[in-house]
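See structure below.
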Amino acid sequence: MPGNKHNTPSTPSTFLAGLLTQPLIPSPVINWILPARLRDKHHNDVVFIGERRIQIKEALPSGHLRDVVEKSDLEGSLIGAKVINVSTQLPWETQDPSSSGVHPYNQNNLPPQILFLAMDSNELLFMYCSEMGDSPFVSYNRALPRDINIADKYGRHIAVDPKSRAVAVSASRNFFGVLWLKPPGELQMQMAQGKLNPLSSESFFQVDGDILFMEFLYPKDTNDKRVILLLIVHKRGTTRSMVFEWDGVSILNRMTPKRTSTSLPQQDQLPSMVIPLAKESSYLLVTTNSMAMYTPNSSSRPMRYPPIIPDAESSEAGLWTRWARPSRNRMYSQRYDGIFLCQEKGWIYYLEFGNDGELETQTSLGQLHCDVDTAFDILDMGHEGGDFILAAGSQGDGGLFVQEARDHPRCVQRFLNWAPVPDAVVIPSNPMSTPFRRNLSRDRDRLFVCSTSASGNGAITELRHGVEAQIGVAATLGGFSSIRGMWAVSLGTKDSIYLVASDPLSSLLLHTTPDMRDGITALEDDTGLDVQQTLAMDCTPSGAIVRVTERAVHFFVPADFSLNSSIQHDPHVFVTAAIVDGPSSTVIMTTRTKEGNFLHFLRIIATEGCVTLSNHEAPYPLQKEPICISHQNWGKVGFIFLGTDDGTVLSFEVDNEAGGIRQHADTRISVNTEDDISKTIESLAVIRAPSDGRMNPFLLCGLRSGILVPFEIDTDAVNFRGGPVFGFKCLKQRVPRRYGKTSLNLKAHDTFALFTCGDDFWRVSYAPGGNDCDYFLSRVWITDQNCPAYFPTRFDSFDLVDIRDQESGIATTYLFCFADGQLLVCSLDQEAKAVPRRIDIPGNPSKLTYSKHLRTLIVSYSVVQNGNQARPLDISRTACIEFVDPDTQLPVVPTDMDMVAEGLLPWRPHGVSGEKIKCILDWMPYKNGHEYHLIAIGTSLNLPHQPNNRQGRLMLIQASRDANSPRQITCIDKHTQWFKDPIYAMAAYEDSVIVASGKRFFAVTSRNSRTIWNRNITALLPSPAVAMTVVGTMIYVTSSRHSVLTYTIVNGDILESGFDAVARDGLSHAMMPGFGVEPDRILVSSRGGAARIFTIKTPDPPVNLEACPVAALPVSLIKVTKGCKSPASLMAHCTYYGFGINGSVYRLLALHAKECRLLQLLLNICLRDEVICPSLSRRHRYLDAISQVENSMHIDGTILARLVSRDSTYLDKVLMACDRNQFKDLTTETVQVFIEAIEETLRVDVNHTQALFTWLRRVLHIEI
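Numbering-wise, the sequence shown is residues 6 to 1269 according to this note's numbering.
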């Protein structure tokens, strides 16, 4: 491990040398949702496609989607997506009614479809999922011609032939190509071998004009062998339909298609959609004013239909943006062609076309109540009573909706979208903590963004990362306000779930089912069992539920209540701790008697007449009284761990075959904290981490003082693929971490464990192939789809249970948790991901900041007002200010001005009609030994009757918490000042505010200010400022046309001192203070996705500022800001975050020379690897990437994250493959330099790659 960063001196050799960027939160924008069975025909998969991310989700029988796998190693943005049917069985609408033969490949479990994608890197990508090879995806890339204008590059439109004989790709104008596919049987043969090469030949053609749409048309009937491609082309005010026909698919006919061109009528010049119909080779052309049905033979005489106006209150049809063809049975498809039509505001209609191509019926299905302008499709769930609709938009949430017959669509799963993002802020999780305590394990940076919506109601979203547990059912438990323990078990019969909740005085037995249709039922009256406090509970393979109390062991058999029984303990025996291991039918408990404490190991015996216990071993005397127990059964040997009140772990080994309990040496917990801290072990959990065919066990101890103490269980070899060979050696303690001041309660679940401590919920697991230090924690976030701002504030107890679906075999993990006085039944995700928490705002927000003094968020939002119903386009927007508690669980309500006037609500600052708030400054001026708090607001306002001229206004607001109601914040308007130009940025300097109005600086001061400012400040801005910071006497400005400018305050005047010589469109900046002899630096983001670090110089006269390092990101960062928590395992002192307008979040970490050199060498190795970087490794494109890394000193954390998702043995194999074909330019000398860099940076001389992975995993681990 590297040395302590706080003790490392700052020398020139450790100065900042590189910049590590890592995406923390991907963009939530969904551009396409495509049902596609990419794994096999039995898994009902759905593909979510974003800008650079492909997510495979599976539709569950319950009607929900679960995450399966994700692909994010694309080197370009996705600009088109379609699905190709490669099954030898064609869809009903293209199948011959007389065909009934079954191809032999249909019997295989091969994917019946592949994904067809277009990328902005001028490439086509074909892919499917496979278990063969190192990657879950098998892909084929096809580079497209580059001999056209860069603005006209291919990929703007793509299309797929209905019979999967060809695909087409076009540029935005003039050029398109047809790529012919190999027969489905040949493709299935490739897929059976884990390969893919779908193209047989290709042809490129030229047209004259802008290509608006491109679609393949359906053949006229099943005997029609033509391939028909439709292009809608616009040029010089005229739109034409161009039809290309190929007779058959012979190679000779592919270069000479039959071409037909027809001018479209004036009302169809700018269509919004073109829909190929399955009947008569026709197509539907949709505009805002009408729908017209065309056929290739009658393009000049379309059949026109009136516009559909779904909203009775609107006089306009609106923009129809998406369409989808649902899956129907064979009989229906031979008579009708059904089309779902969706409008941008979510209105959906169902259209039915007959065999002659005419529209027979149209049915209004209602509204989805979401913005739909990107993704829309129909999911076949085999649900005969209705359809499942998938929809999403660029602004606002999407969702999975069920459309029942004769009913409105109902949302069953929501896809949260927090884009677009106009502003963001980072706050500490504990505002009252000191800088030292912010580095404790429980502290984190909290990221908040504000987002706009097409509906006019935006939100503030807290972007969190962790494991989501989504609430399905919430219920109260009668008189239970808190509980001490909870246990849940699942029985195979009808998947019944039984739950026991216990407090110190009683217990409650509950029953439910996974679908929760019958609710949750209390069973204590039916079982005849007592209601004492439960100490342990589990279920045996025979179906008996075993419950241990202080006085007895109870058996409950749901299948036959007559078998219910109890075994009472001796009146002088008290059970102090217990555990029931259901799979091994074992009860382990410790008792307290007059003779002392004893350990009991009992077997559960189930016969036809009763369930009882057998004393497998004689009671084992104990020297200490245990508090908690953990038992692990590994074949021939079982382990028992006991935790005591003095911090001792007692270890026992049980021979399951020959019998006998053997105690090993006691292990004392070592915690380097204050002497009076409690070392009582409150809970124990054993988890296992797979590595190289072994299952490495680890023991976790949760202390009453909130400390987690991990142990490596040192054993002989355990081979979980065959018969286990096991032997206990000792427990090796690792570094403890503190997560709170209350009890830490653990529960294990195979390869991970969950624990609660205070108001925090965590999951702990070990990295695959990692060493004993590679354990990582992710927060468990409990969410409520019906209340997106909800989060529990108090946890009592919880348990986990796995339910496997009988039809699909898919296992779902359910979390039963008692929190905030109610029982929460949640579905628990398997992997960590972004988990947003949304606070709704009654308008579209624009600016967001945080007040440390008030400990609240300050948000500005605009409310649309329409005062004249006769003129709907005459709308006005009013800017408002609101104070939002970061922990609120309620939406922000609009301000009622009448109630404010009556004194029932506090006054809030707001602008006049048309005024926009451009910046907000939370200011704490210090004057005459006193500190004050003010909020400065800068605005922009159009002058009356002069739309091109604007002026600015500065408002100074005094805000404070109400003494009688501390949750309420009151405001007073202290000062208002008008400026000739809009105010774009502000910064505080001592007791003054420096204002950037237009291209000039102004200083606003109070009376008797310490600084006497010049009336006319010398310095001018070359372009309007977008961000400004004052440090000492230095002013740092990012302007709209210049990335960074520096100014100096001298004798009440502002003088220019430095600038970036290259004019770049600036967006934001953050200061990077130097430590020791290091100079200050500034991190600047500009349009185009560049993030640069400039070293600050203060010479006279002004000089150019040089940027190094420079990071090229796929998204422009509209806001960069400094975090509150120091990065892990790096020498840098601060973490920085960058926020993209598309909702993505990046972490930016400064690297010192040794760190940068090591990661640079590692990145160069990854760029050569076709598994880690499949796109760059081909055609030696990685050579340019390596050169760019060396010049920019930018380390791409995305690539490193792909590497650490594997284990260190993978890197060992790569290093040993040097000088071979796969890595022919990776020499032995390069590997030696890399090993030396590991030794120098991490100070290790053995197990180099394992030490590197341990360090790198901590650097890249996400904790927000």
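We put the CB at the ideal spot given by N, CA and C, even for glycine. All of these numbers come straight from a predicted model, not from anything done at the bench.
- With contact counted as at least three CB pairs below 8 Å, one residue from each stretch, are the region 274–283 and the region 247–260 in contact? Two segments are said to touch when three or more pairs of C-beta atoms, one from each, lie closer than 8 Å; by this definition the region 274–283 does not touch the region 247–260.
- H1253: first and last residue of the uninterrupted alpha helix (DSSP H) it sits in: H1253 to L1265 is the span of the alpha helix (DSSP H), which, as asked, contains H1253.
- Message: According to DSSP, is G1202 part of a helix, a strand, or is it coil?
- Response: Here G1202 sits in helix by DSSP.
- Message: Short of 7 Å in beta carbon distance, which residues of its chain neighbour S1014, apart from the five on each side in sequence? Order them along the chain.
- Response: Closer than 7 Å at the Cβ level, and outside the excluded window around S1014, lie D996 and S997.
- Three-state secondary structure (DSSP) of A772: A772 falls in the coil class under three-state DSSP.
- Message: For L289 and F53, what's the separation of their Cα atoms in angstroms?
- Response: Between the C-alpha atoms of L289 and F53 there is a straight-line separation of about 27 Å.
- Under 9 Å, do S126 and M196 count as touching if we go by C-beta distance? In this structure, S126 lies away from M196, with their beta-carbon atoms at least 9 Å apart.
- The alpha helix (DSSP H) with L805 in it runs from where to where? Per DSSP, L805 lies in no alpha helix (DSSP H); the unbroken beta strand (DSSP E) holding it starts and ends at F800 to R809.
- Query: Is the Cβ-Cβ distance between S1197 and A1117 less than 9 Å?
  - Reply: Result yes, Cβ atoms of S1197 and A1117 sit closer than 9 Å.
- Task: Assign K684 to buried or exposed, taking buried as 16 or more other Cβ atoms, counted over all protein chains shown, within 10 Å of its Cβ.
- Result: Counting Cβ neighbours within 10 Å, K684 comes out buried, since at least 16 surround it.
- Query: Beta carbon of L115, beta carbon of D50: below 9 Å?
  - Reply: In this structure, L115 sits away from D50, with a CB-CB distance that is not shorter than 9 Å.
- Item | Cα-Cα separation, S970 to V1009 | Whole-angstrom Cα-Cα distance: 33 Å.
- the region 920–939 / the region 852–862 touching (three or more Cβ pairs under 8 Å): Enough Cβ pairs lie closer than 8 Å, so yes.
- Query: Less than 9 Å separating the beta-carbons of N26 and G1202?
  - Reply: The residue asked about is misnamed: residue 26 is Thr in this sequence, not Asn. Yes, the pair counts as a contact, with Cβ atoms nearer than the cut-off.
- Beta carbon of D804: closer than 8 Å to some heavy atom of the ligand GTP? This structure lacks the ligand GTP; in fact it carries no ligand of any kind.
- Task: Measure the C-alpha to C-alpha separation of T366 and I925 and round it to an integer number of angstroms.
- Result: Across the structure, T366 and I925 are spaced so that their CA atoms are roughly 55 Å apart.
- Tell me whether the beta-carbon of Y989 lies closer than 9 Å to the beta-carbon of S1002. For Y989 and S1002, yes; Cβs fall inside 9 Å.
- Message: What would DSSP say about V723, mapped onto helix, strand or coil?
- Response: Note on V723: pLDDT 48, under 50, position unreliable in the model; the coordinate value appears next. Note: V723 maps to coil in three-state DSSP.
- Distance CB(A480)-CB(L828) smaller than 9 Å: Using a Cβ distance threshold of 9 Å, A480 and L828 count as a contacting pair.
- List the endpoints of the continuous beta strand (DSSP E) containing N620. Taken as a continuous stretch (DSSP letters only), the beta strand (DSSP E) holding N620 covers V616 to N620.
- Item | Other residues of its chain near Y145: CB distance less than 7 Å, five sequence neighbours each side excluded | Around Y145: F131, L201, N202 and P203.
- Using the beta-carbon count (16 or more within 10 Å), is Y1142 buried or exposed? Counting of Cβ neighbours within 10 angstroms places Y1142 among the buried residues, the total reaching 16 or more.
- Extent of the continuous beta strand (DSSP E) run through P433: D428 to P433 is the extent of the beta strand (DSSP E) around P433.
- Item | DSSP beta-bridge partners of Q870 | BP columns for Q870 point to S881.
- Supposed contact pair S458 and Q418 - C-beta distance, whole angstroms, cut 8 Å: With 8 Å as the limit, Q418 and S458 do not qualify as a contact, their Cβ atoms being about 19 Å apart.
- Task: Could you name each continuous alpha helix (DSSP H) segment of 4 residues or more that falls completely within the region 1045–1093, going from the start of the chain to the end?
- Result: Within the region 1045–1093, no complete alpha helix (DSSP H) segment of 4 residues or longer occurs.
- Query: Among residues of its own chain, excluding the 5 on either side of T300, which ones have a beta-carbon nearer than 7 Å to its beta-carbon?
  - Reply: For T300, where only same-chain residues beyond five positions count, the Cβ hits under 7 Å are E285, S286, S287 and G362.
- Message: Within the continuous beta strand (DSSP E) that includes I35, where are the two ends?
- Response: Counting along the chain, I35 sits inside no beta strand (DSSP E), nor does DSSP assign it H or E at all.
- Given A1137 as reference, the closest of T1126, L1156, V1150 and P847 once Cα atoms are compared: Among T1126, L1156, V1150 and P847, the Cα nearest to that of A1137 belongs to L1156.
- Please go through the same chain and pick out, in chain order, the residues whose beta-carbon is closer than 6 Å to the beta-carbon of F1239, but skip the five residues on each side of it. For F1239, where only same-chain residues beyond five positions count, the Cβ hits under 6 Å are L1166.
- Query: For the candidate residues I153, D448 and F142, whose alpha-carbon lies nearest to that of E1268?
  - Reply: By alpha-carbon distance to E1268, the top candidate from I153, D448 and F142 is D448.
- Task: Output the residue ranges of the beta strand (DSSP E) runs that lie fully inside the region 247–283 and measure 3 residues or longer, sorted by chain position.
- Result: Listed in chain order, they are 263–268 and 278–281.
- Task: Could you pull out every residue in the same chain whose Cβ sits closer than 7 Å to the Cβ of P715, ignoring the five residues on either side in sequence?
- Result: Around P715: F703, L705, R739 and Y780.
- Message: So if DSSP puts W786 in a beta bridge, which residue, or which two residues, is it bridged to?
- Response: The partner list for W786 (beta bridge, DSSP) reads E473.
- Item | Nonlocal neighbours in the same chain, by C-beta distance under 6 Å from V74, ignoring five residues either side | Apart from the 5 residues on each side of it in sequence, V74 sits with its Cβ closer than 6 Å to the Cβ of I61 and P141 in its chain, given in chain order.
- Cβ distance (whole Å) where R57 is taken to contact P1119 below 8 Å: That pair is a contact at about 6 Å.
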